[in-house]
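**Student:** Pasting a structure below so you can have a look.
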């Protein structure tokens, strides 16, 4: 059985970092998932490709030979895929797009209708999750396209920059009921960054958490303070008005 492209990419990253935990972090996947992928690769080859040590990993002799061939195998496969796609001038088929629900609210309403009109042969499905989960799903071939925040670089990903956004604290100056109450989505990595940034100067005495950014928007309009991106805030306010 030919190794999956993911397994070869994972192996190359482990070979670069010589550390399973660091490789998993760079790939944006969980460490057990990476370890399982390496073990599958070893079963397919019938030999160990890495030697696990206390301070990390080293490549076995078979692993060193595989490393010389793995990137060429991936390049050859990319060329096969590209050649096949060139034969098909019209874009058709079913595609799954992953993005956080707030990102879809911010980006899709203005662009999706015209895209659908220009590509009648395309069917789309959307899956909503956190950005890091979407990246992992794209890498593992569970979804086709991800619209995410701060994606981790990965050899099996083609990353295109779409826009800049701002994540900050927001409040309604015309209707402040509770200056010391903060409502936020704990699933956002940026939330941790902002809370650490304020540190000892943190003025908040009470916290409310929610994964619904529309709910957070409406509660902020009623006088609470929140953490969210500028683009999502503006889009939610448009809908609220």
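Numbering (the working numbering), first residue to last: 1021 to 1261. Heads up, the beta-carbon is just placed ideally off N, CA and C, and yes, glycines get one too. Since we're looking at a predicted model, the values are computed, not measured.
(1) Hey, how far is the Cα of residue 1056 from the Cα of residue 1140?
(2) Going by DSSP, which residues form a beta bridge with residue 1116?
(3) Take the Cβ of residue 1044 as the centre, count every other Cβ of all protein chains shown within 10 Å, and call the residue buried at 16 or more, exposed below.
(4) Measuring alpha carbon to alpha carbon, tell me which of 1237, 1200 and 1185 ends up nearest residue 1011.
(5) Let me make sure I understand the geometry here. Which of 1153, 1202, 1155 and 1023 has the alpha-carbon closest to that of residue 1226?
(6) If we ignore side chains and look at the alpha-carbon of each, how far apart do residue 1058 and residue 1182 end up?
(7) Spell out the partners DSSP gives residue 1027 in its beta bridges.
(8) Buried or exposed: residue 1137, going by 16 or more other Cβ atoms within 10 Å of its Cβ?
(9) Are the beta-carbon atoms of residue 1145 and residue 1167 separated by less than 9 Å?
(10) Using a Cβ-Cβ cutoff of less than 6 Å, which residues in the same chain neighbour residue 1041 once the five nearest sequence positions on both sides are dropped?
(11) Tell me whether residue 1062, by its Cβ, gets closer than 8 Å to a heavy atom of the ligand ADP.
(12) Since residue 1030 and residue 1054 should fall inside the 8 Å C-beta cutoff, what is the C-beta to C-beta distance between them, to a whole number of angstroms?
(13) In whole angstroms, what separates the C-alpha of residue 1232 from that of residue 1187?
(14) Would you call the CB atoms of residue 1048 and residue 1152 closer than 9 Å?
(15) By DSSP, does residue 1032 sit in helix, in strand, or in coil?
(16) Let me know the secondary structure DSSP gives residue 1161 once reduced to three states.
(17) Taking the alpha-carbon of residue 1122 as reference, which of 1114, 1215, 1178 and 1205 has the nearest alpha-carbon?
(18) Over what stretch of residues does the alpha helix (DSSP H) that includes residue 1041 continue unbroken?
(19) Determine the DSSP secondary structure at residue 1072, reduced to helix, strand or coil.
(20) Provide the residue span of the beta strand (DSSP E) that contains residue 1128, from first to last.
(21) Return the Cβ separation of residue 1032 and residue 1087 in integer angstroms, given the expectation that the two are a contact with Cβ distance under 8 Å.
**Tutor:** The answer reads as follows:
(1) 40 Å
(2) 1145
(3) buried
(4) With the chain covering only 1021 through 1261, there is no way to say anything about residue 1011.
(5) 1202
(6) 33 Å
(7) Looking at the DSSP assignment, residue 1027 forms no beta bridge with any residue, so it has no partner.
(8) exposed
(9) no
(10) 1051
(11) Among the ligands in the structure shown, none appear at all, so the ligand ADP cannot be discussed.
(12) 6 Å
(13) 16 Å
(14) yes
(15) helix
(16) coil
(17) 1205
(18) 1040 to 1047
(19) strand
(20) Counting along the chain, residue 1128 falls outside any beta strand (DSSP E), though it belongs to the alpha helix (DSSP H) covering 1121 to 1138.
(21) 7 Å
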